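Protein chains in written order, with the working numbering: chain A, 10 to 393; chain B, 819 to 1255.
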């Protein structure tokens, strides 16, 4: 299968409502369940080990008009929370058996309980992911939290998560993350072979497919991409940072590249490539996953890391990707991204790395002003 | 006998398990059952609680004074947040607590917050970031810490992450600016029906680490018996605060449980664990009981009893209050007064189980670490037991913990319970988000 054929399949999958994907999968897996997880990270391994298909719950993008959620959430609340709620009211997630939210921000916290109140037919679980990164007590705590999640699904559906099953699922997701890392490595080396909107579409599809199918699809893509036609262009290599929860419209990514950038690294769909390397699969599987969350996770605005300054992870990413600059893309009203912007910007300035900021909303549809800003930034860099 | 006297001003109403349901059917939504309001005479505000107000002000001023002298006197200070805090532990560790939130609100109420907010925005903070944080960061960038007199940077920054995610950012930034060590006290959100043992163990383990850190900073050995004494004093203050809050069940309520609670929120959240705070609440309860005996409330006439949800607009505190005063509306309960702890439902710190007891309070016995839907239950109980006529939701942009989803809360109270509900939007710190018209 060619990259273009794979991309066509990915686009079709991404366009489907979550409920339809869940229903189709359940029809093919009697007794199985489908659970949608809100950004940023959720233990997909634990769900998968219980016979559950994990799906990314990323709002309605530009596909859903708000007719109910605006009455629940105020004007100063981010779009992804509102459109995620709207998906429920309009029945787009009907067929999804459960939802997982976590403490990424105050809005997500409240969204989880409002989901449970309004859509009580589904199992809605809330995870408290630790913000203490140094206490000896944190790994045992998180392991108990992961076991609690497993127990919730066992109580609801009788789906048991055994240690061997969790080890196997961890290996499966390690394989998926390894493919994604390889895809990014290829992107860093030869960004002209796969545009960012294409890369994003592939990743988004990987969050909606059974992980073994996603691994197979990425293997094919990785094998065929080096042969794909493409001409390198003289563009500014940038890291895009800040869109780890609400997802940017594809139009914005296209404008970023059209205006003269190669996006060589980003934090889109961050939860699906959360670990820097493989999660160990020997020993206690719950403890191993918990320890990996604490010690092997990428830097993120939703996980406090006491052991290093917030800018360190971003600067490392810039250097690893051989990037020239950073484009911050916080979603409108996204407090974690907007707060971290200040510390990261200061860190970049100390390191002499140029940056600019472009706020977005998932329903953003006109990009001319953004294009002008980016073009000006690119020209100032390329022709200084 | 005394209890009987206090109760005589309580209105008589047939109570039962379905009392609120009865309202939703033929109740508050039904104009025939709306409270009778005689608008022929204007409502005026009485200067009714001078003792409580003055005592609170003096106590808080003393605390601020001690903070201002701390560096010169070699006293360690620790920045900590209001919500579900463990102030007793810091006091037992001989670390004088400082509260950036109190600094921020005092600057707002003195109309000094906007230049500080703008200063932070110049430094890169967004207009959509919490203005509490920005006012505080702006103050630090200006070189100060206190609202009136300068307060030195803290020796230690303790982020008690109790519900509010912004706390994590706020204190990480404060530690970054001040250079003080940051202790991230991660308190799992109340997400199960009962507190999990694993959650208590996790918090207790972190409290033990915090004690060890305080010992290193102060050079003083921690004494668990001193903590027990602090907790006993805290429990006395909690009891007094709860007594005060239950007195607003009377008609008229002796004080406004939203606007006047600020006089008690300082002592209960900042000074808990001191003899002064315990005495203050004993005296405040006595004063409010006297007002109940005399049939006196904060207004010349109590026409409407409300429950208020959400923090107040500090830059326009008096103006906002006046909007309710002219209608004779008195808050008989408020959720904001429970951010540090929900004491009126019976929880007290237990000196026999000091660390576990602190952990339980941080985990579940405060408003901020509970879900917004759990707050619906708290408000429903207030409406029922305090016999309120309506709910007022003050939705503030800065604090999404409070506000995100309050439209759903309004739907619940109006459509499912039939409680008249007003939702107004402004901010607790940023004067740009307040408009009376």
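Glycine residues also receive a C-beta, built at the ideal position from the N, C-alpha and C atoms. Note that the structure is predicted; figures quoted are calculated from it, not measured.
Under 7 Å from any heavy atom of the ligand HEM, does the C-beta of residue 904 of chain B make it? You won't find the ligand HEM in this model; it holds no ligand whatsoever.
I need the straight-line Cα distance from residue 182 of chain A to residue 204 of chain A, nearest angstrom please. 25 Å
Beta-carbon spacing of residue 90 of chain A, residue 117 of chain A below 8 Å: yes
Step through the CB atoms of chain A and report whether any lies within less than 8 Å of the CB of residue 1002 of chain B. yes
Residue 342 of chain A touches chain B at which residues, Cβ-Cβ below 8 Å? 946
Quick check on residue 842 of chain B - is its C-beta less than 8 Å from some C-beta in chain A? Note on residue 842 of chain B: pLDDT 35, under 50, position unreliable in the model; no value is reported.
Residues near residue 840 of chain B in its chain [Cβ-Cβ closer than 6 Å; skip 5 each side]: For residue 840 of chain B, the pLDDT reaches just 33, beneath the cut-off of 50, and the residue's location in the model is therefore unreliable, although a value from the coordinates is still provided. Taken in chain order, the list of residues that qualify is empty.
Within a Cβ cutoff of 6 Å, which residues of the same chain sit near residue 162 of chain A, ignoring the five residues on either side of it in sequence? 59, 168
Going by the beta-carbon positions, is the gap between residue 185 of chain A and residue 220 of chain A smaller than 8 Å? yes
Exposed or buried, which one is residue 302 of chain A when buried takes at least 16 other CB atoms within 10 Å? buried
Check whether the Cβ atoms of residue 937 of chain B and residue 907 of chain B sit closer than 8 Å, and answer yes or no. no
Check the DSSP bridge columns for residue 1004 of chain B and list the partner residues they point to. B:979
With a threshold of 8 Å between beta-carbons, can residue 1007 of chain B be considered close to chain A, or not? yes
With residue 343 of chain A as the anchor, note down where its alpha helix (DSSP H) starts and where it stops. Careful: residue 343 of chain A lies outside any alpha helix (DSSP H) and carries neither H nor E.
Of all Cβ atoms in chain A, is any one closer than 8 Å to the Cβ of residue 1213 of chain B? yes
Counting along the chain, where does the beta strand (DSSP E) carrying residue 250 of chain A start and finish? 245-250
Could you tell me whether the region 1082-1100 of chain B touches the region 1141-1148 of chain B, where touching means 3 or more Cβ pairs closer than 8 Å? no
What are the residues in the region 324-336 of chain A lying within 9 Å of chain B by C-beta distance? none
Under 7 Å from the C-beta of residue 1264 of chain B: neighbouring residues of chain A: Because chain B is modelled from 819 through 1255, residue 1264 of chain B falls outside the range shown and cannot be assessed.
Please report the straight-line C-alpha distance between residue 68 of chain A and residue 150 of chain A, rounded to a whole angstrom. 30 Å
Using the rule of at least 16 other Cβ atoms within 10 Å of the residue's Cβ for burial, across every protein chain shown, is residue 93 of chain A buried or exposed? buried
How far does the alpha helix (DSSP H) with residue 909 of chain B in it reach, from first residue to last? 905-910
Going by C-alpha distance, which of A:129, A:272, A:250, A:70 is nearest residue 198 of chain A? A:272
Whose C-alpha, out of B:1200, B:1229, B:1004, is nearest the C-alpha of residue 1162 of chain B? B:1200
Under the DSSP definition of a beta bridge, which residues are partnered with residue 1241 of chain B? B:1211
Three or more C-beta pairs below 8 Å linking the region 1091-1105 of chain B and the region 1169-1189 of chain B: no
Leaving aside the five residues before and after residue 1135 of chain B along the sequence, list all residues of the same chain whose C-beta is less than 6 Å from its C-beta, in chain order. 927
DSSP three-state call for residue 272 of chain A: helix, strand or coil? strand
Taking three-plus beta-carbon pairs below 8 Å as touching, is the region 282-290 of chain A in contact with the region 257-264 of chain A? no
Roughly how many whole angstroms lie between the Cα atoms of residue 456 of chain A and residue 20 of chain A? With chain A represented from 10 up to 393, any question about residue 456 of chain A goes unanswered, as that position is not in the structure.
Where residue 1011 of chain B falls, given that 16 or more other Cβ within 10 Å makes a residue buried: exposed
Whether residue 319 of chain A touches residue 275 of chain A by CB criterion (8 Å): no
Chain A contact for residue 1183 of chain B (CB, 8 Å cutoff): no
Residue 357 of chain A versus residue 391 of chain A: straight-line alpha-carbon distance, rounded: 19 Å
Using a Cβ-Cβ cut-off of less than 9 Å, list which residues of the region 917-941 of chain B approach chain A; keep chain order. 938, 941
On the criterion of 16 or more Cβ atoms from any shown chain inside 10 Å, does residue 235 of chain A qualify as buried, or is it exposed? exposed
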